[in-house]
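A.B. asks: Structure below; questions to follow.
In the numbering used here, the protein residues as written are 53 to 395.
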């Protein structure tokens, strides 16, 4: 969780940073410290365009006990969660949603296949997908990441951890962790991107509180399918593209993990879905009880629509940067390259 953002000047160069987590003295201190240490070690050895960059960390003794801070690169546009579910933000355009999904998939693919050892993320969700000034997505919060199974093993047996609504049911039931656990979580987020709804929303009617149960009422091949699409898009999406994304999400959510695709296959499927550039969706879908926010005037061409959306997003970033400046504070941090691992 981001608790503070700031701008520092180092060697004459101004850089933006954000403090991402704090652990203090409490009943879960040992677990918190282990997660913090795991993230320091992990981000210290990996590098990928779709993984957040660790600038530094801090271990200090506070008034209430030990403090553990992580300092990430500053991600101007906060999280995917903010843009999908916070109605104070402008509508996230369809093409940008797909670009964010592809970036996140590339990050998971790197964890699964791009390192000497396989890494299982174990906590994929919209709030852990950070967005930079151009809405490029980067995964963050690796405190729950685990090394995958050794050669010859099919899974890692571990205590069930993660976030309610995103953890694969087979993992929850057995404690058997595999890369296909991440694939399930990715499928949940794909449906969040399609619908603009969280995986669990207790304030909705009972039959709509669980996203995956609700979307099953509107099968992808049915005439009613368009009812699940985020109404705030006002038809500015591809009918073919949304169906392909829903089919991909369904494959990620297969009951048996062996039937789920790999993240490499997910990446390829996303790229195919992104080939559908037409914005021919059906406006007026009824999946929101509150009126949709206005989008700027209906574009006459696809290029104008995309350009208009990007301008709105850049304007939002400028407003957010100005608001954040009020809350900026000084704090100490140690750069990873110059500091020993805390004991």
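We treat Cβ as the ideally placed atom computed from N, Cα and C, and that holds for glycine.
Of all the options 258, 193 and 318, which has the alpha carbon lying nearest to the alpha carbon of residue 95?
C.D. replies: Position 43 of the chain shown, counted from the first residue, corresponds to residue 95. Selected option, being the one with the closest Cα: 193.
A.B. asks: In three-state DSSP terms, what is residue 208?
C.D. replies: For this step, residue 208 is matched to residue 156 along the chain shown. If DSSP states are grouped into helix, strand and coil, residue 208 belongs with the strands.
A.B. asks: Drop a sphere of 10 angstroms on the beta-carbon of residue 149, count the other beta-carbons inside from all chains shown, and report buried for 16 or more, exposed for fewer.
C.D. replies: Translated into the one-based positions of the chain shown, residue 149 becomes position 97. The residue is buried, with at least 16 neighbouring Cβ atoms inside 10 Å.
A.B. asks: Name the DSSP beta bridge partners of residue 228, please?
C.D. replies: Within the chain shown, residue 228 is the residue found at index 176, counting from 1. The partner list for residue 228 (beta bridge, DSSP) reads 209.
A.B. asks: Measuring alpha carbon to alpha carbon, tell me which of 93, 169, 276 and 324 ends up nearest residue 107.
C.D. replies: Residue numbering aside, residue 107 sits at position 55 when the chain shown is read from its first letter. Of 93, 169, 276 and 324, the residue nearest in Cα terms is 93.
A.B. asks: From the DSSP output, in three-state form, read off residue 473 for me.
C.D. replies: Residue numbering for the chain in the displayed model covers 53 to 395; residue 473 lies beyond these limits and cannot be assessed.
A.B. asks: For a test of the three-state rule: what should DSSP assign to residue 250, helix, strand or coil?
C.D. replies: Translated into the one-based positions of the chain shown, residue 250 becomes position 198. Here residue 250 carries a coil assignment [DSSP, helix/strand/coil].
A.B. asks: Let me make sure I understand the geometry here. Which of 243, 204, 87 and 164 has the alpha-carbon closest to that of residue 153?
C.D. replies: Here residue 153 is taken as the residue at index 101 of the chain shown, counted from 1. That would be 243, whose Cα lies nearest to the Cα of residue 153.
A.B. asks: Among the candidates 334, 311 and 189, whose CA atom is the shortest distance from the CA of residue 125?
C.D. replies: Taking the chain shown and counting its residues from 1, the one referred to as residue 125 is at position 73. Out of 334, 311 and 189, 189 has the C-alpha closest to the C-alpha of residue 125.
A.B. asks: Using CA atoms only, rank isn't needed, just tell me which of 292, 209, 91 and 302 is closest to residue 196.
C.D. replies: Within the chain shown, numbered from 1, the residue matching residue 196 stands at position 144. Among 292, 209, 91 and 302, the Cα nearest to that of residue 196 is on 91.
A.B. asks: Since residue 262 sits in a beta bridge, which residues does DSSP pair it with?
C.D. replies: Locating residue 262 in the chain shown gives position 210, counting from the first residue. 252, per the DSSP bridge assignment.
A.B. asks: Between the Cα of residue 246 and those of 212, 215 and 284, spot the shortest distance and give me the residue it belongs to.
C.D. replies: Taking the chain shown and counting its residues from 1, one reaches residue 246 at position 194. Measuring from the Cα of residue 246, the nearest candidate turns out to be 284.
A.B. asks: Could you name the residues of the same chain whose beta carbon sits closer than 6 Å to that of residue 300, not counting the 5 residues immediately before and after it, in chain order?
C.D. replies: Indexing the chain shown from 1 puts residue 300 at position 248. Take residue 300, set aside five residues on each side of it, and the residues of its chain with a beta-carbon closer than 6 Å to its own are 321, in chain order.
A.B. asks: First and last residue of the alpha helix (DSSP H) that includes residue 296?
C.D. replies: Indexing the chain shown from 1 puts residue 296 at position 244. First-last of the alpha helix (DSSP H) with residue 296: 291-304.
A.B. asks: Suppose you measure from the CA of residue 229 to the CA of residue 209; what does that come to, to the nearest Å?
C.D. replies: Residue 229 sits at position 177 when you count from the first residue of the chain shown. Residue 209 sits at position 157 when you count from the first residue of the chain shown. Going from the Cα of residue 229 to the Cα of residue 209 covers about 6 Å.
A.B. asks: Counting pairs of beta carbons, one from the stretch 231-242 and one from the stretch 171-181, are three or more of them closer than 8 Å?
C.D. replies: yes
A.B. asks: If you draw a straight line from the alpha carbon of residue 332 to that of residue 325, how long is it in whole angstroms?
C.D. replies: Within the chain shown, the letter at position 280 stands for residue 332. Within the chain shown, the letter at position 273 stands for residue 325. Taking the straight line from one Cα to the other gives about 14 Å.
A.B. asks: Who are the Cβ neighbours of residue 277 in its own chain at under 6 Å, not counting the five residues just before and after it?
C.D. replies: For the purposes of this step, residue 277 is taken as residue 225 along the chain shown, with counting starting at 1. Correct list, in chain order: 270.
A.B. asks: Roughly how many whole angstroms lie between the Cα atoms of residue 186 and residue 167?
C.D. replies: Translated into the one-based positions of the chain shown, residue 186 becomes position 134. Translated into the one-based positions of the chain shown, residue 167 becomes position 115. So the two alpha carbons sit approximately 27 Å from each other.
A.B. asks: Check whether the stretch 197-206 touches the stretch 246-259, taking contact to mean three or more Cβ pairs, one atom from each stretch, closer than 8 Å.
C.D. replies: no
A.B. asks: Classify residue 185 as helix, strand or coil using the three-state DSSP reduction.
C.D. replies: Stepping through the chain shown from its first residue, residue 185 is reached at position 133. Of the three classes helix, strand and coil, the one that applies to residue 185 here is coil, per DSSP.
A.B. asks: When DSSP labels each residue in this structure, what does residue 177 get in the three-state scheme?
C.D. replies: As a working mapping, residue 177 is identified with position 125 in the chain shown. Under the three-state reduction of DSSP, residue 177 is assigned to coil, being neither helix nor strand.
A.B. asks: Rank 85, 266, 158 and 89 by C-alpha distance to the C-alpha of residue 323 and give the top, closest one.
C.D. replies: Taking the first residue of the chain shown as 1, we reach residue 323 at position 271. Among 85, 266, 158 and 89, the Cα nearest to that of residue 323 is on 158.
A.B. asks: Alpha carbon to alpha carbon, what distance is there between residue 117 and residue 217?
C.D. replies: Here residue 217 corresponds to residue number 165 of the chain shown, with the count starting at 1. Here residue 117 corresponds to residue number 65 of the chain shown, with the count starting at 1. Going from the Cα of residue 217 to the Cα of residue 117 covers about 32 Å.
A.B. asks: If we ignore side chains and look at the alpha-carbon of each, how far apart do residue 280 and residue 267 end up?
C.D. replies: Here residue 280 is taken as the residue at index 228 of the chain shown, counted from 1. Here residue 267 is taken as the residue at index 215 of the chain shown, counted from 1. Roughly 7 Å between the two C-alpha positions.
A.B. asks: My guess is that residue 329 and residue 290 are in contact by the Cβ rule of under 8 Å, so how many angstroms apart are they, rounded?
C.D. replies: If you number the chain shown from 1, residue 329 lands on position 277. If you number the chain shown from 1, residue 290 lands on position 238. So it is a contact: roughly 7 Å between Cβ atoms.
A.B. asks: Less than 7 Å between the beta carbons of residue 316 and residue 163, yes or no?
C.D. replies: Counted from its first residue, the chain shown places residue 316 at position 264. Counted from its first residue, the chain shown places residue 163 at position 111. Going by C-beta atoms, residue 316 is not nearer than 7 Å to residue 163.
A.B. asks: Taking residue 131 as the reference, which of 144, 273 and 211 has the closest Cα?
C.D. replies: Along the chain shown, read from residue 1 onward, the residue named residue 131 stands at position 79. Per the Cα distances, 144.
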